[in-house]
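Student: Got a structure here, written out as structure tokens. Questions coming.
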Amino acid sequence: MTVRSRMALSLMAGLLTGLMVAAPVHAADPIKIGVLLPQSGVFGGLGKDQTLALEMGFDDFGREIGGRPIELIPADTESKPGPGLAQVKKLILKDKVDVIVGIISSAVAGAVRDYVHNSETPLIISNAGNNALTGELCSPWILRASFSNSQINRGMGPYLAAQGYKNAFLMAFDYAAGHQMMDAFRKGFEGAGGTIVGEEYPPLGETKDFGPYLAKAKAANPDVIYVFFAGGPAIKFVKEYAAFGLKGDIQLAGAGWLHSALYINKQGADAEGILGILNYYPSIDNAENQVFQAKFQEAHGRPASEFGVAAYDSARLIVEGLNGTGGDTGDKKALVDAMHQVTFNGPRGPFRIDMQTNNVVQNIYISRVESQGDSVAAVVQEVLPNVQDPPNGCEL
Amino acid sequence: MLLEPQFLIIQTLNGLQLSALLFLLAVGLSVVFGMMNFINLAHGTLYMLGAYLAVSVVAHFDSFWMALALAPLGVAAVGAIFYLVLLRRLQSAGPMRQVLVTFGLIFVGFDAVRMIWGRLPYSVPVPDLLSGSVTVLGEIYPAYRLFIIALGVAVMLLLTIGLERTRLGAIVRAGVDDREMVAALGINIEATFFIVFCLGCYLAGLAGVVSAPVFSVFPGMDMSVLILALIVVVLGGPGSLRGAAIGSLVIGMADTYGQVVIPEYARVTIYALMGVILLFKPSGLFPVSRAHG
């Protein structure tokens, strides 16, 4: 062979090899999932908690579907609506994600709702509880795997009434979530024959000294004080409730974040006796939860919280929806339809998405905080099975 | 419901607690203003710094009492540095410049604490010794808040004795009255100013430490308290210890009761109250009479 023809032969061989190597890469196109969670700001801690649980969920249920690997693309909302919207646009326009999962803050959810709806990108909400998101602002593209504010609180009223509590005093910060939670409780309690004897809504933001508000609540002489507080204010409220002598005097009840697993041990004995209502407690007694808690505890050294389980279930919802389409993300509507068909028993109990509102249908648990040795924990007293929101203005 | 003794007792105690905090904050501001004719708007920043230093001391030594001892000293030191470097030059400048510079210091302080401690709120736990409750007139009340009230009263007594019985106190009183004369008598009025200023900073830091377990510690926590403290100073009469005490009592009670009795109008009530009192007593409730302007 001549030098030239040998060169031509090796050149062609190289080109052919190159083409062959390139070809399989094209076939294993990753499924891109945008993770819209804060890593900083007010909800940074919760965002990190959910990120860990989300990763665990994909590890457990599938990192590859139909030959396509799942690629998680993080997007930090900084717990603020402005950056949240900017990140959503980046995920959809630049990263071209197939699905978005996340959102802790209802303010961020409100800011991105229209853009997500118009772009027809499936969004799985892993926390934000504002009623409107599966109510008058619902969208065929937005599914919520966590809870709605009214779904959590509705059931406590009838329970307290049945226990013999006749009048209640309400307290929550003066913002949308606070009012939605109290309104849902009020409807249930008054419907069961109870009376609301007063309510106080301290301004959100400047963390308040609860002293004056506790004095007013006490003066109203209620049978039970029902509240919604979460995070730092919840720790403070419970401790001040005890310090002002209300603990043995007037029953305290509230949405379960009042004594969340994340900080119940900071409240310690002050939290004993509190009645809470929430969609998840670490003490729930089913096989899936025991496995879930053991795994999370081993991986991260602490019990999984209600935020973690919502992220875990969101991952499962996405994976099982993708299984339904065989990994095909071309037809977004088919993917959402597949997610509508997903039902499973998870750590929270039974899970499915309600086709009328796109909100999760789940058990709601009523608990009482009890001391267990030298720590405290919420122990389930009653299960409200398969709680489903009424359409609430949603037209899908 | 609102006139029940149970409600009145607890709410009055809450008001006294706020009054005690305001007093600690206002007295430094008032004496510095009255004596040196110097408006220090960054006084609230010192309060905030006291709270943040308490957070760090507690994180390091796990003791609230250490924080109580050390943090106010730290704040006094910071105040001293600011005085020597910056504020001393402003003494002769008019109130406009003083307001502008110290107002700017508020922003500097805000960003400084944000950079050093981050923007998430901190909480300081109530010390174990004071974490119980005490029965007052038949009502259960947190022991820690009674401690705050007791501290406020103790500081007021100490300051009164200091003003009336010590030489330094006499100089301060004379200085508020007529500082040129005091200087003319050969007394080092500058050194006295410096000591008084540092003491004011110390008290602001003390207020910060003591309020940390009750309120949260976050950037900007100084603003609402600063405004109330300024109102107390104006209301009570600048330079007057008694004015600061009575003013704190009035404003502390008005704010506490206002929050729960008429929440929408609580702040307006305080400003209205201030307006009405100033209408009748323009120099404040207990003005210190001056020999010269």
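Chains A and B, in that order, give the protein sequences. According to our numbering, the first sequence holds residues 1 to 396 in order. According to our numbering, the second sequence holds residues 397 to 689 in order. Note that beta-carbon positions come from the ideal geometry of N, C-alpha and C, so glycine has one too. Computed from a predicted structure; not experimentally measured.
(1) When the Cα of A/H300 is compared with those of A/P38, A/E55, A/Q39 and A/G268, which residue comes out closest?
(2) Going by the DSSP bridge assignment, what does A/A75 pair with across the sheet?
(3) Checking contacts by CB at 9 Å: is B/E535 closer than that to chain A?
(4) Distance check for A/A184 and A/D311, CA to CA, integer angstroms please.
(5) How far does the alpha helix (DSSP H) with A/R368 in it reach, from first residue to last?
(6) Between the Cα of B/Y445 and those of B/S636, B/G475 and B/V578, spot the shortest distance and give me the residue it belongs to.
(7) Rounded to the nearest angstrom, what separates B/L469 and B/L526 at their Cα positions?
(8) Mind checking who B/V549 pairs with in its DSSP beta bridge?
(9) Measure from the C-beta of A/P38 to each C-beta in chain B and report whether the shortest distance is under 9 Å.
(10) Distance check for A/Y263 and A/E71, CA to CA, integer angstroms please.
(11) Under 7 Å Cβ to Cβ from B/L624, same chain only, skipping five residues before and after it: list those, please.
(12) Roughly how many whole angstroms lie between the Cα atoms of A/F237 and A/E200?
(13) From A/L52 to B/L547, what distance separates their C-alpha atoms?
(14) Can you check whether the C-beta of B/F419 is within less than 9 Å of a C-beta belonging to chain A?
(15) On the premise that B/S426 lies in contact with B/G639, defined as a C-beta separation below 8 Å, what is that separation, rounded to the nearest angstrom?
(16) From which residue to which residue does the alpha helix (DSSP H) around A/F292 run?
(17) Can you find at least 3 beta carbon pairs, one from the stretch 279 to 298 of chain A and one from the stretch 335 to 351 of chain A, that sit closer than 8 Å?
(18) Which residues in chain B sit within 7 Å of A/Y213, going by Cβ to Cβ distance?
(19) Could you check if A/D98 is buried or exposed, using at least 16 other CB atoms within 10 Å of its CB as the buried criterion?
(20) Consult DSSP for A/P24 and reduce its assignment to one of helix, strand or coil.
(21) How about A/G102 and A/I65: do their beta carbons lie closer than 9 Å?
(22) Would you verify that the beta carbon of A/H26 is, or is not, closer than 9 Å to some beta carbon of chain B?
(23) Would A/I235 pass as an interface residue toward chain B - the criterion being a Cβ-Cβ separation below 9 Å?
(24) Give a yes or no on whether 9 Å exceeds the smallest Cβ distance from B/A455 to chain A.
(25) May I ask you to list the residues that DSSP assigns as paired with A/Q375?
(26) Distance, Cα to Cα, B/V610 vs A/D209?
(27) Which residue wins for smallest C-alpha separation from B/I545, given the options B/S415, B/L464 and B/P678?
(28) Given that a residue counts as buried once 16 or more other Cβ atoms are within 10 Å of its Cβ, and exposed if not, what is A/S375?
(29) Along chain A, in chain order, which residues have C-beta atoms closer than 8 Å to that of B/E400?
(30) Who are the near neighbours of A/F147 in its chain, counting only those whose CB is closer than 6 Å to its CB and skipping five residues on each side?
(31) To which residues does DSSP link B/V530 through a beta bridge?
(32) State buried or exposed for A/L170, treating a residue as buried only when at least 16 other CB atoms are found within 10 Å of its CB.
(33) Verify the CB distance criterion: does B/S452 have a CB-CB separation below 9 Å to chain A?
(34) From the DSSP output, in three-state form, read off A/E120 for me.
(35) Which class does B/A640 belong to by DSSP, given the choice of helix, strand or coil?
(36) Please report the distance separating the alpha-carbon of B/F403 from that of A/K216.
Tutor: Once the coordinates are examined:
(1) The count along the first sequence starts at 1 and reaches residue 300 of chain A at position 300. Of the candidates A/P38, A/E55, A/Q39 and A/G268, the one whose C-alpha sits nearest the C-alpha of A/H300 is A/E55.
(2) For this step, residue 75 of chain A is matched to residue 75 along the first sequence. For A/A75, the pairing in a beta bridge is given by DSSP as A/L36.
(3) In the second sequence, residue 535 of chain B corresponds to position 139, counting from 1. Yes, because at least one Cβ of chain A sits closer than 9 Å to the Cβ of B/E535.
(4) Position 311 of the first sequence, counted from the start, is the residue given in the question as residue 311 of chain A. Position 184 of the first sequence, counted from the start, is the residue given in the question as residue 184 of chain A. As written in the sequence, residue 311 of chain A is Ala, which differs from the Asp given in the question. Between A/A311 and A/A184, the C-alpha separation is close to 24 Å.
(5) Position 368 of the first sequence holds residue 368 of chain A. Taken as a continuous stretch (DSSP letters only), A/R368 belongs to no alpha helix (DSSP H), being part of the beta strand (DSSP E) at V360 to Q372.
(6) Within the second sequence, the letter at position 49 stands for residue 445 of chain B. The question names Tyr, yet the displayed sequence has Leu at residue 445 of chain B. Relative to B/L445, the option among B/S636, B/G475 and B/V578 whose CA is nearest is B/G475.
(7) If you number the second sequence from 1, residue 469 of chain B lands on position 73. If you number the second sequence from 1, residue 526 of chain B lands on position 130. When rounded, the distance between both Cα atoms is 23 Å.
(8) Working through the second sequence from its first residue, we reach residue 549 of chain B at position 153. The partner list for B/V549 (beta bridge, DSSP) is empty, contrary to what the question assumes.
(9) As a working note, residue 38 of chain A is residue 38 in the first sequence. With 9 Å as the cut-off, A/P38 does not count as an interface residue toward chain B.
(10) Mapped onto the first sequence, residue 71 of chain A falls at position 71. Mapped onto the first sequence, residue 263 of chain A falls at position 263. Looking at the backbone, the Cα of A/E71 and that of A/Y263 are separated by about 33 Å.
(11) Here residue 624 of chain B refers to the residue found at position 228 of the second sequence. Excluding positions up to five away in sequence, the list reads L418, I647 and D651.
(12) By 1-based counting over the first sequence, the position of residue 237 of chain A is 237. By 1-based counting over the first sequence, the position of residue 200 of chain A is 200. Roughly 14 Å between the two C-alpha positions.
(13) In the first sequence, residue 52 of chain A corresponds to position 52, counting from 1. In the second sequence, residue 547 of chain B corresponds to position 151, counting from 1. If you take the alpha carbons of A/L52 and B/L547, they lie about 46 Å apart.
(14) Along the second sequence, read from residue 1 onward, the residue named residue 419 of chain B stands at position 23. No, its Cβ sits nowhere closer than 9 Å to a Cβ of chain A.
(15) Residue numbering aside, residue 639 of chain B sits at position 243 when the second sequence is read from its first letter. Residue numbering aside, residue 426 of chain B sits at position 30 when the second sequence is read from its first letter. Confirmed, about 7 Å.
(16) Position 292 of the first sequence holds residue 292 of chain A. For A/F292, the enclosing alpha helix (DSSP H) begins and ends at A287 to H300.
(17) Yes, they touch.
(18) Locating residue 213 of chain A in the first sequence gives position 213, where the first residue counts as 1. Against chain B, a Cβ distance below 7 Å from A/Y213 picks out V656.
(19) Position 98 of the first sequence holds residue 98 of chain A. The residue in question, A/D98, is buried, as its Cβ has 16 or more Cβ neighbours within 10 Å.
(20) For this step, residue 24 of chain A is matched to residue 24 along the first sequence. At A/P24 the pLDDT is 48, less than 50, meaning the model places this residue with poor confidence; the figure from the coordinates comes in the next sentence. Correct three-state label for A/P24: helix.
(21) Your numbering for residue 102 of chain A matches position 102 in the first sequence. Your numbering for residue 65 of chain A matches position 65 in the first sequence. In this structure, A/I65 does not lie closer than 9 Å to A/G102 by Cβ.
(22) Here residue 26 of chain A is taken as the residue at index 26 of the first sequence, counted from 1. Confidence at A/H26 is low in this model, with a pLDDT of 48, below 50, so the placement of that residue should be treated as unreliable; the coordinate-derived value is given next. Not one chain B Cβ lies under 9 Å of A/H26.
(23) Looking up residue 235 of chain A in the first sequence gives position 235. A/I235 counts as touching chain B.
(24) For the purposes of this step, residue 455 of chain B is identified with residue 59 of the second sequence, where counting begins at 1. Taking Cβ atoms only, chain A never reaches closer than 9 Å to B/A455, which makes this a no.
(25) Indexing the first sequence from 1 puts residue 375 of chain A at position 375. According to the sequence as given, residue 375 of chain A is Ser; it is not Gln. Note: A/S375 sits in a beta bridge opposite A/Q372.
(26) Looking up residue 610 of chain B in the second sequence gives position 214. Looking up residue 209 of chain A in the first sequence gives position 209. Taking the Cα positions, B/V610 is about 6 Å away from A/D209.
(27) For this step, residue 545 of chain B is matched to residue 149 along the second sequence. The shortest C-alpha separation from B/I545 is found at B/S415.
(28) On the first sequence, residue 375 of chain A is found 375 positions in, with the first residue counted as 1. Exposed is the call here.
(29) For this step, residue 400 of chain B is matched to residue 4 along the second sequence. At a beta-carbon threshold of 8 Å, the residues of chain A lying near B/E400 are A219, ordered along the chain.
(30) For this step, residue 147 of chain A is matched to residue 147 along the first sequence. Residues of the same chain with a CB within less than 6 Å of the CB of A/F147, apart from the 5 flanking positions on each side, are G129 and N279 in chain order.
(31) Taking the first residue of the second sequence as position 1, residue 530 of chain B is located at position 134. Partner(s): B/Y537.
(32) As a position in the first sequence, residue 170 of chain A is number 170, starting the count at 1. Buried is the call here.
(33) Counting from 1 along the second sequence, the entry for residue 452 of chain B is found at position 56. B/S452 does not count as touching chain A.
(34) Stepping through the first sequence from its first residue, residue 120 of chain A is reached at position 120. Coil at A/E120, not helix or strand.
(35) Sequence index remark: in the second sequence, residue 640 of chain B carries index 244 (1-based). In the structure shown, B/A640 sits in a helix (DSSP, three-state: H, G or I).
(36) As a working mapping, residue 403 of chain B is identified with position 7 in the second sequence. As a working mapping, residue 216 of chain A is identified with position 216 in the first sequence. Rounded to whole angstroms, B/F403 to A/K216 spans 7 Å at the Cα level.
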